[in-house]
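Chains as they are written, first to last, in the working numbering: chain C, 74 to 795; chain W, 16 to 196; chain D, 453 to 767.
Using N, Cα and C, we set each Cβ at its ideal position, and we do this for glycine too.
Notes follow once the structure below has been shown.
Structure (structure tokens):
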């Protein structure tokens, strides 16, 4: 029997008292009249748009975009509007839960915060005494994690892993760091709105609804941007494209190399820029010599003339063209090199800090408050992937299973449902089996909480303060997340959970008692006040005058050469190709289709699947199957099928078939985030299917450990029996 | 004396990404009950792989100048208030559903409380000088409310050089949603 | 190939219009039947002794069938109105029909027409059934006072009856959004169908000597109904694409078996044939004949109401 059973039943005791003793109980915002508009920051995804929450009769009635927040400009995506669906989700975690065994049966016992945190502190004490603080890892996604990071750092824990790295943007980050010396950040420092020729590779803006990213994209489209979309699927963005290149999945790098070759061979690149600011052109030229349009056509399934024509389009627009580096780019395991090719292409176009190109953003400088030095300094996690700048989550999973080079015995999981996020579910569950302590901090009973020893219910973003948002952007800003209503049930804000846990861990003075005083203190340093932010929500600075470079401006990049590295000496040194090299993706076994996944505009991964408001228009995902091949294998639109992958793993839930002309015959597609199985998610459970069930093969990026997920293949079965 | 307003909506299908923020915002603003909507989004794909076209359309009541719902309403509950919109006076509505039968755009539904309901161009917001909720929220600025009587050139600016489509014009309803393709 | 993905939700219009069910169909049937009864009873009164053609002659004893039919006219319409009322989503607002008159709304016309229908058809029933109310002096007096105006009343009632009969069809035909309904021939179809069902009721009520006459009346009405129905079908099948596909649905689609079986064959052709045979004394009369006609008339309303909603909106 499994040591750790998945617990489906939260003991149905509902403590409904609001959290006691929060320092900001008497906040002027909360004390304001029953009808009020409170500015804050959204957390339905991680773009952090400014919002205005309208409160009527003590309830949040409606959420709109903050007109002055540069990430929303008064606009919101569906998810942001649906924030109330999260706040008032009846399935929310309502009080701390502790796993216990009664008569040989495991169950969750509702607990007080003191009990739950005492238990964590006690077990953490044993574990770190025995295995060292490096035996504790934190997985986190979201803004509220900052307090826990502060806490754990002070405690000597250094292993923080966000699935947004190795399961999402990591390859892009490393590729641009290798090439330009810096990543692109989030929001990406791109001037999409002014781009005159934009290339999207798989990036489905419009279905991926990051607010200003979509605003900029549609602005470009409206201005007549020459849009080239490379995607095996006729995405919404492809529907707006001048050129849709329905590429054979996994062959993007071949196309990119061919474009690079044409730009160089036909001297369409920005010669002045490249000459002054880059190194390695000749190496690149030699490495892509074979990448003729005809060669690329054979790989990609796109006609050579189109490959050539689109390369010339890029060259024609040159500085004003942009090859979008995408966001979730862990596809085939060659992702860092594909992103490198994109970085090289952009460098050849000379669009760096040029209107319509790559930009550098700066942040609103608000000095952070110094927290005490950590008390136990251990060596931090070191990845076996030479160029990983953050621990890949899947590598932590592996190490948790193997205990090599040292054991990982405790996981703190903040706001990320690892069961659906990481792929290779069986491996994740195996790792969880090896843990001595799993603490899940979440708002909803996501699957991961079912495996936890202790579940800590955080209140939603509408019920709490977080630290100030000062991320870099085109117009630097500082924005405040503040409670719009008091925390419901016995949930607490992350900062308060962290403060209380710090007390239990012997660091009672680590965090300030008064969150408002802390925030005010930070803001006072730059002549602002909490009161001002409470009312205005955001203060932003104008666009810096040097956002775009001057024609002859000397540039210095934080690479070893100080220049943009078209050929990467760092990669060569680490034993990788200095210039990206194409290898074809593995082919599908006969009768199988490549499984692709992406996003739907009204959902954020699996986080919103239980949101009844958002689910109204999209309660489940559908499987896109090419109409012709679908008919050939006897599928009908609207019918439900189970999927079985190349390893014989079956989807836990069936999925509705959509026969469509909008996808290549050899691939199928679904929106990620559905197929929840935890019955505590009463709305989401059983709706749609999860790609995570079927992604048993991870194509690891040898450079940084990214988990390429698109080399999985599925076939269909109507049978509910496996 | 100024001319009465004549509200119409211009919808840029090139901008629209069919994200449906307009639907959610409308539902929240107008407390549209679960299972119903005043506006909706249509994705229309034509052709066959790989020669495809895609049109994204945010749709709602057309606020017809010659509205069959108004013509068929026995009690005057559906009416033209004179600002170019079509509105419903819930106090007059009997729930006879003649307006639902009359609407060639199927833009109406029966509210669970019994009255006929549909998009009002957020008349309550217009009165406060605000834009309709869908217009305000739209991240792509695909929706614009215009006053065709304003003579401010807004309509002309939006439609200049664009193909303008209206739905079922041949029915003589004189609909006032203008889709730019 | 065209793929349309819409996230519209509204159950009243999706997957097709779904607003009116059995109650409205019954109302349309009863309205037509009631109108038909009023036309037939008024017509008979005008044509018989003491009527318009022989005003000087003493009014004949109307006979039981005429009396019952005259009384049924307002009663059945009242019953129909009850079903219509049941269909209203906001029943408490029913009085709003009478705070407004909208000349472009048949429903508005219809509701005002009722204000005339009930008193005038009721008064006529009172006159015809005077003897039944001997114990109520007030009604006796009323009938006596109305007696001199009986012909004017009957003339008015013929028009009212025709008005109600046509109205039940026009009510639907003004909805040009619904291609199956959008034909004013529907007014005639329903009028003659109302007449045939009214004659069927008369036949059922008839004494043996009246029966053949009433059955023949029924046959004439059914012939007219068949003619109108043919015009309706021809009109639809030769009209715009939307109308054509709607009409094809009715005559050859999912609704076709019911249409042909219940309306055309069972409701028109078989009764017509039987009446002919009865007139030729080849078969003897059975109540089945008028009942078939009534069923045909009833199913016609159900079919037109149902199919009109099930078949797509005008494009």
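Burial state of residue i, where buried means 16 or more other Cβ atoms lie within 10 Å
{"i": "residue 579 of chain C", "result": "exposed"}
{"i": "residue 624 of chain C", "result": "exposed"}
{"i": "residue 481 of chain D", "result": "buried"}
{"i": "residue 125 of chain C", "result": "buried"}
{"i": "residue 132 of chain W", "result": "buried"}
{"i": "residue 162 of chain C", "result": "buried"}
{"i": "residue 427 of chain C", "result": "buried"}
{"i": "residue 689 of chain C", "result": "buried"}
{"i": "residue 472 of chain D", "result": "buried"}
{"i": "residue 363 of chain C", "result": "exposed"}
{"i": "residue 45 of chain W", "result": "buried"}
{"i": "residue 456 of chain D", "result": "exposed"}
{"i": "residue 772 of chain C", "result": "buried"}
{"i": "residue 560 of chain D", "result": "buried"}
{"i": "residue 194 of chain W", "result": "buried"}
Residue i (DSSP reduced to helix, strand or coil)
{"i": "residue 677 of chain D", "result": "helix"}
{"i": "residue 561 of chain C", "result": "coil"}
{"i": "residue 642 of chain D", "result": "helix"}
{"i": "residue 474 of chain D", "result": "helix"}
{"i": "residue 395 of chain D", "result": "Only positions 453 to 767 of chain D appear in the structure, and residue 395 of chain D is not among them; the question remains open."}
{"i": "residue 670 of chain C", "result": "strand"}
{"i": "residue 342 of chain C", "result": "coil"}
{"i": "residue 516 of chain D", "result": "helix"}
{"i": "residue 718 of chain C", "result": "strand"}
CB contact below 8 Å: residue i versus chain W
{"i": "residue 307 of chain C", "result": "yes"}
{"i": "residue 449 of chain D", "result": "For residue 449 of chain D there is no data in the structure shown, the boundaries of chain D being 453 and 767."}
{"i": "residue 257 of chain C", "result": "no"}
Separation of residue j from residue i, as counted between CA atoms
{"i": "residue 754 of chain C", "j": "residue 159 of chain C", "result": "12 Å"}
{"i": "residue 760 of chain D", "j": "residue 633 of chain D", "result": "6 Å"}
{"i": "residue 756 of chain C", "j": "residue 728 of chain C", "result": "16 Å"}
{"i": "residue 162 of chain W", "j": "residue 129 of chain C", "result": "31 Å"}
{"i": "residue 103 of chain W", "j": "residue 93 of chain W", "result": "4 Å"}
{"i": "residue 398 of chain C", "j": "residue 629 of chain D", "result": "49 Å"}
{"i": "residue 540 of chain D", "j": "residue 563 of chain D", "result": "13 Å"}
{"i": "residue 492 of chain C", "j": "residue 521 of chain C", "result": "6 Å"}
{"i": "residue 366 of chain C", "j": "residue 380 of chain C", "result": "6 Å"}
{"i": "residue 340 of chain C", "j": "residue 347 of chain C", "result": "11 Å"}
{"i": "residue 113 of chain W", "j": "residue 88 of chain W", "result": "6 Å"}
Residues of its chain near residue i, where Cβ-Cβ distance is below 6 Å and the 5 sequence neighbours each way are ignored
{"i": "residue 618 of chain D", "result": "639, 643"}
{"i": "residue 210 of chain C", "result": "232, 469, 481, 484"}
{"i": "residue 582 of chain D", "result": "595"}
8 Å CB neighbourhood of residue i in its chain, flanking five on each side removed
{"i": "residue 533 of chain D", "result": "479, 566"}
{"i": "residue 94 of chain C", "result": "For residue 94 of chain C, the predicted structure reports a pLDDT of 48, less than 50, and the residue's modelled location is therefore unreliable. A value from the coordinates is still provided. Correct list: empty, nothing qualifies."}
Beta carbon proximity, residue i to chain D, threshold 8 Å
{"i": "residue 60 of chain W", "result": "yes"}
{"i": "residue 693 of chain C", "result": "no"}
{"i": "residue 96 of chain W", "result": "no"}
{"i": "residue 733 of chain C", "result": "yes"}
{"i": "residue 109 of chain W", "result": "yes"}
Beta-carbon contacts of residue i that lie in its chain and below 7 Å, excluding the five residues immediately before and after
{"i": "residue 671 of chain D", "result": "724, 727"}
{"i": "residue 645 of chain C", "result": "651"}
Residue-chain proximity (residue i, chain C), Cβ-Cβ < 8 Å
{"i": "residue 459 of chain D", "result": "yes"}
{"i": "residue 73 of chain W", "result": "no"}
{"i": "residue 222 of chain W", "result": "Look at the range of chain W in this structure, 16 to 196, and you will see that residue 222 of chain W is not part of it."}
{"i": "residue 699 of chain D", "result": "no"}
{"i": "residue 179 of chain W", "result": "no"}
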